[in-house]
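Trainee: Residue numbers (the working numbering), protein chains in the order written: chain A, 120 to 392; chain B, 14 to 340.
For each residue, glycine too, the CB sits at the ideal point set by N, CA and C.
Computed from a prediction, not measured in an experiment: that's the story for all the values here.
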Amino acid sequence: MASDMMSGIAHEPGVRKPDPILVVDSLRRSFGGLKAVDVDHLEIQRGTITSLIGPNGAGKTTLFNLLTGFDKPENGSWHLNGGDLVGIASFRVARKGVVRTFQLTKSLSRLTVLENMLVAAKDQIGESFWGALFGRWRAIEAVNEARAVEALERFGMAHMAGEYAGSLSGGQRKLLEMARALMVDPEVIMLDEPMAGVNPALTQTLLGHISSLRDEGKTIVFVEHDMDVVQEISQWVVVMSQGRVIAEGPPLSIAKNHEVIDAYLGLHHGEKP
Amino acid sequence: MDIVKILIDAGRAAVGVPAAAYALSAMGLNLQFGYTGLLNFGHVASMLVGAYGMAITVDRGGPLWLGVIVGILFALILGLLLGIPTLRLRADYLAIVTIATGEILRLVARSSWAAPVTKGIFGIQRFADDFFALNPIPGGLYGIGRFRFDERTVWVMMLGWGLVGLTVLFMWKLTRSPWGRAIRAIRDDEDAALSLGKNVFAYKLQSLMVGGAIGALAGMFLAIDQQNVTPDAYLPLLTFYAFTIVILGGPGTLIGPITGSMIFWFLFEFIGGLMSAIIVDLEAISVLDATDVGPIRFALFGFGLMWLMIFRPQGIFGKKEEMLIDG
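1. Which residues does DSSP list as the beta-bridge partners of B/Leu154?
2. To be precise: take each residue of the segment 177–190 of chain B, compare its Cβ to all Cβ atoms of chain A, and keep it if any distance is under 7 Å. Which residues remain?
3. DSSP on B/Leu209, reduced to helix/strand/coil?
4. Starting from the Cα of B/Leu20, find the closest Cα among B/Ile227, B/Glu282, B/Leu209, B/Ser59 and give me that residue.
5. Name, in chain order, the residues that DSSP records as bridge partners for A/Tyr283.
6. Should B/Arg212 be flagged as near chain A, meaning a C-beta pair shorter than 9 Å?
7. Based on the DSSP output, what are the partners of A/Ser196 in its beta bridges?
8. In this structure, does DSSP put B/Gln138 in helix, strand or coil?
9. Enumerate, from N- to C-terminal direction, the unbroken beta strand (DSSP E) stretches of 3 or more residues contained entirely within the segment 146–178 of chain A.
10. Could you check the C-alpha separation between A/Gly176 and B/Met184 for me, to the nearest Å?
11. Got a sec? Which residues, its chain only, sit under 7 Å from A/Gly290 by beta carbon, not counting five neighbours each side?
12. Look at the alpha carbon of A/Val303 and the alpha carbon of A/Gln361, and state the distance between them as a whole number of angstroms.
13. Name, going along the chain, the residues of the segment 264–294 of chain A whose beta-carbon falls closer than 7 Å to a beta-carbon of chain B.
14. Can you tell which of B/Gly29, B/Val17, B/Ile16 has the C-alpha that lies nearest to the C-alpha of B/Ile276?
15. My output table needs one value for A/Val317: the three-state DSSP class, helix, strand or coil.
16. Confirm, please, whether the CB-CB distance from A/Thr169 to A/Ile339 is below 9 Å.
17. At a CB-CB cut-off below 8 Å, which residues of chain B make contact with A/Leu237?
18. For the segment 185–198 of chain B and the segment 53–60 of chain B, state whether three or more C-beta atom pairs, one from each stretch, are separated by less than 8 Å.
19. Using alpha carbons as the reference points, say which of A/Gly166, A/Val217, A/Ser288, A/Asn194 lies closest to A/Thr187.
20. How about B/Gly285 and B/Gly273: are their beta carbons less than 9 Å apart?
21. Can you round the beta-carbon distance between A/Gly245 and B/Pro191 to whole angstroms, since I take them to be within the 8 Å contact cut?
22. Going by C-alpha distance, which of B/Thr252, B/Phe324, B/Gln239, B/Pro244 is nearest B/Thr124?
23. I'd like to confirm the pairing. Which residues does DSSP put opposite A/Thr338 in its beta bridges?
24. Tell me whether B/Gly328 sits in a helix, a strand or coil according to DSSP, three-state version.
25. From the beta carbon of A/Trp197, is the nearest beta carbon of chain B less than 9 Å away?
26. For A/Ser353 and A/Leu301, I'd like the C-alpha separation in whole angstroms.
27. Between B/Leu91 and chain A, is any beta-carbon pair separated by less than 9 Å?
28. So if DSSP puts A/Gly368 in a beta bridge, which residue, or which two residues, is it bridged to?
29. Does any residue of chain B bring its CB to less than 9 Å from the CB of A/Val218?
30. In angstroms, rounded to a whole number, what distance separates the CA positions of B/Pro129 and B/Gly232?
31. Find the nearest neighbour of B/Ile112 within the set B/Pro249, B/Leu94, B/Phe311, B/Gly317, judged by alpha-carbon distance.
32. Taking 9 Å as the threshold (beta carbon to beta carbon), is B/Arg325 in contact with chain A?
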């Protein structure tokens, strides 16, 4: 059904979507002379899994950083549900419902797995200084804890709740990071290479979790290199190269797109396109 | 050589006034460094502004209680002024700015320019008479055998350890709360905390200010005991004593700073007493005389701390698992 939503949309960069949750306009960011991101128009369809692919240095992570407030562009605008996100601090972007993960997993290593989950919960009055001293935060904490345990169970990590996150394996940290992002109750989850360095069995587990999040109505944008993974899971693929969006479309059309093949393999890889 | 006397003197130091003062000071630093990961190398500055804020207020005719409030306010303002420009930058910038600030404040306090207010290098004396006038304890010595204190010291110790107790309660409430969890998350990874919607800058600023206010309490308490504030009492060394105590006790633990301070002063006094006995009383090492006791005490003390860091890097109360986890 999610893919039905995407049928009838032209396969071209910057194409309009029926119900976009994120809209990006004329976004530019350069480092020195290098244009890291130079996107004229990009829309992310609500409730789908959109893959962001492209060769190394294409600007995928920079785009993530810009959209989540971790970096500032030279110019451009971007909106969430029609609301302006320009100049909004990263932590406020998260509170508005866009949560991102990092290429290098960032587990809070000297917090336990459960604490990692609880710290991500929103609207805990005990997180303010005066609330911590005088607020009645324990009732909220109990509700959050129930939610956290439920999410940990879903990701198969409930038995590790009391362990330090720093003692987890790389794959378990990826799972924890994803579970933790859910505690923020986001609308959009932006995953920066969630499969990097993960064994094939766990890749399948992670893919299953990502699909089920989509089925619950979350919008997922993720950066990935493996075309097989992209084919399997995403409804829409956005291809970046040298900061620009060079192609958009459903996975099958992208795989046949000459520009994409050129971007990945270089222009002179054999026969003329 | 009377080893019992040396041990008793060291025991007196472990519960004495400096131990209480440094326990308090280290608790402030522990909030900043142990829980939030802020490298504040100018903790002495908050002790200085606290002590001076109090002394100047009393010197200008104000009551002591008002002086205490002024001292705490000064420390909060110092934290705010230091934090706003530096806390958005990387951790090392805070370290550089704070160590310089401590020295700048000390040099300003001793300058002739500020002398009309700070009384220059001679400082301000006898501002805590009100406190000593309240002493309900009759004159005499209290304790067992040689382990005894006079009524003045007992009164000051009651204040000091009372403050330590209240601060422990305060820290317990604060660090066991979601607020405490958020600052520990920031210590572990700022970007992760940001991505989860935590206002990292505000938390760091709060931690710096509150830790500074606790440092100011320690500074005021030391000043009350000595009835004296002079600029050159606030050398950067005081910050490093506090760091030593925090690390000794275990950073990010509730009572680590207290046990750290007690062990610190016990060892400090014990090594001093022992060296003094060996070098001066026994004349056991012919090339050394009484003037060498001080430096050797520091050298051996440093050696002891190195030994502790090698065999118990997490501090006395720190958790070994936490230490084994990379960054």
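Mentor: Per the coordinate set shown:
1. B/Asp163
2. Lys186, Leu187, Ser190
3. coil
4. B/Glu282
5. A/Thr231
6. Inspection of the sequence shows that residue 212 of chain B is occupied by Asn rather than by Arg. Yes, because at least one Cβ of chain A sits closer than 9 Å to the Cβ of B/Asn212.
7. A/Asp144
8. strand
9. 153–164, 168–172
10. 47 Å
11. Val317, Asn318, Leu321
12. 32 Å
13. Tyr283, Gly285, Ser286
14. B/Gly29
15. coil
16. yes
17. Pro191, Arg194
18. no
19. A/Val217
20. no
21. 4 Å
22. Correcting the residue identity first, residue 124 of chain B is Ser in this sequence and not Thr. For B/Ser124, the nearest C-alpha among the options comes from B/Pro244.
23. A/Val307
24. coil
25. no
26. 20 Å
27. no
28. A/Val356
29. yes
30. 21 Å
31. B/Pro249
32. no
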